[in-house]
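Heads up: the structure comes next, in structure tokens.
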Amino acid sequence: MNYTKVADLHIHTDASDGAYPVAEVISMAADAGLELIAITDHDSVAAFAGLAINSRIEVIPGVELSADLNGREVHVLGYFLDPEDAEFLAILKTLRQKRLARAHTILRKLSTHSIHIPPRDVLDLAGGGAISRLHIAEILIDNGHSANLHQVFRDYLGPEGSAFVAKPHFEVDQAIAMIHRAGGTAVLAHPHNNFTFEEVASFAAAGLDGVEAYYVRHSARDVRRWLDAAAKLHLVPTGGSDFHGRRITDTPIGAMRVERKVVEELFERSGHNAVRRIS
Ligand code: AMP
Ligand code: MN
Ligand code: MN
Ligand code: MN
């Protein structure tokens, strides 16, 4: 039943490519009737670490890592990891430095196509958070080089685009292991129809804990397929909005919600050493 769906488990802040600081995200989540959210920034847990204990709603620590499966990008969400784990924090810091270097490479490639974006513009927009292609996308759209998100990734930033630069990626099992080492549970993000059952079974064999069956851009068929796979592979079916709150994105916070019991199941499979910030 809908009214029991109170958790949005996929949310970005300005610690990566979301537009809003965590305090504003929490306020928006509470206004949207959410009781529980997970902050899942790309390669950063800074938003959670800086959060006051008495937030208006329950917040659990998360992260979104990018991994690689034979040249295909695979996003792995981590939940309930220890946001102060020194080894994990050091790895995330390195990943953010590589994102900065990659942004410079993307801007150089764009300049060979006569599109000149000062690096400072991207750095200012990212505001010290993990730099993402979404930041560069926003500037390209604002400057009139593309009309929308679809076009900017098709023409410039996506795998077929003229300024595409891959990030260095882990193998999927490495990403899962890294999340587990930090005490967390690992969940396959937004699988769409990008993976076969056998591929996800191999992630499950590597320790995957869940699959994001409920996702804003999943078709009804995608949802059914991943709920079925989750049941067969003993994975927790999770869900979230992938809220970014940027002008060029249009998904509202809480656009996809799951029941509280999903969070309890994730917690049961975690190392139990992570804090939850409860009002
Ligand atoms: P990055 O982490 O720098 O590789 O950038 C990936 C981010 O860009 C994702 O988290 C999305 O926010 C966004 N993104 C990637 N591909 C697309 C796409 N085809 N359409 C819209 N947004 C995308
Ligand atoms: Mn993003
Ligand atoms: Mn993702
Ligand atoms: Mn995301």
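To convert, take the position in the sequence shown, counting from 1, and add 1006; that gives our numbering. All C-beta atoms, glycine included, are put in the ideal place defined by N, C-alpha and C. Model, not experiment: these values are computed from the prediction.
How would you label residue i, buried or exposed, when you count the other beta carbons within 10 angstroms and need 16 or more for buried?
i       : result
Ser1276 : buried
Leu1083 : buried
Lys1011 : buried
His1224 : buried
His1240 : exposed
Glu981  : Residue 981 lies beyond the residue range present for the chain, which begins at 1007 and ends at 1285; the question has no answer from this structure.
Ala1107 : exposed
Asp1215 : buried
What residue range is occupied by the uninterrupted alpha helix (DSSP H) comprising residue i?
i       : result
Pro1067 : From DSSP, Pro1067 is part of no alpha helix (DSSP H) but of the beta strand (DSSP E) over Glu1064 to Leu1075.
Leu1040 : Neither: Leu1040 is in no alpha helix (DSSP H) and is coded neither H nor E.
His1156 : Leu1155 to Val1158
Val1206 : Phe1203 to Ala1211
Thr1100 : Ala1092 to Ser1117
Val1242 : From DSSP, Val1242 is part of no alpha helix (DSSP H) but of the beta strand (DSSP E) over Val1242 to Gly1246.
Glu1144 : Arg1139 to Asp1148
Arg1253 : Unbroken run through Arg1253: none, as it is neither H nor E.
Helix, strand or coil for residue i? Go by DSSP, reduced to three states.
i       : result
Arg1283 : strand
Asn1008 : Since pLDDT at Asn1008 reaches only 47, below the 50 mark, its modelled position is unreliable, and the value read off the structure follows with that caveat. In the structure shown, Asn1008 sits in a helix (DSSP, three-state: H, G or I).
Tyr1026 : coil
Glu1265 : strand
Glu1218 : strand
His1048 : strand
Ala1058 : coil
Val964  : Shown here, the chain extends from 1007 to 1285; a query on residue 964 therefore has no answer.
Phe1273 : helix
From what residue to what residue does the beta strand (DSSP E) around residue i run?
i       : result
Asp1014 : Lys1011 to Ile1017
His1081 : Arg1078 to Tyr1085
Ala1188 : First-last for Ala1188: undefined, no H or E at that position.
Can you find a heavy atom of ligand 6 that lies under 7 Å from the Cβ of residue i?
i       : result
Leu1131 : Only ligand 1, ligand 2, ligand 3 and ligand 4 can be found as ligands here, which leaves ligand 6 out of the picture.
Could you check whether the Cβ of residue i sits closer than 7 Å to any heavy atom belonging to ligand 3?
i       : result
His1250 : no
Could you check if residue i belongs to the surroundings of ligand 4, using beta carbon to heavy atom distance under 7 Å?
i       : result
Thr1046 : yes
Glu1093 : no
Glu1070 : yes
His1018 : yes
Does at least one heavy atom of ligand 2 sit under 7 Å from the Cβ of residue i?
i       : result
His1119 : no
His1175 : no
Leu1083 : no
Ser1050 : no
Ser1138 : yes
Asp1256 : no
Asp1014 : no
Do we get a CB-CB distance below 8 Å when we pair residue i with the residues of chain C?
i       : result
Asn1154 : Protein chain content of the structure displayed is limited to a single chain, and chain C is not contained in it.
Can you determine whether any heavy atom of ligand 1 sits closer than 7 Å to the C-beta of residue i, and answer yes or no?
i       : result
Gly1164 : yes
His1156 : yes
Would you check if there are 3 or more beta carbon pairs closer than 8 Å linking the segment 1086-1106 to the segment 1187-1203? yes
Check whether the segment 1047-1057 and the segment 1130-1137 touch, using three or more Cβ-Cβ pairs below 8 Å as the test. yes
Should the segment 1143-1151 be called in touch with the segment 1030-1049, which here means at least 3 C-beta pairs below 8 Å? no
Cβ pair count under 8 Å reaching 3, the segment 1248-1264 against the segment 1031-1044: yes
At least three beta-carbon pairs within less than 8 Å, the segment 1167-1177 to the segment 1074-1083: yes
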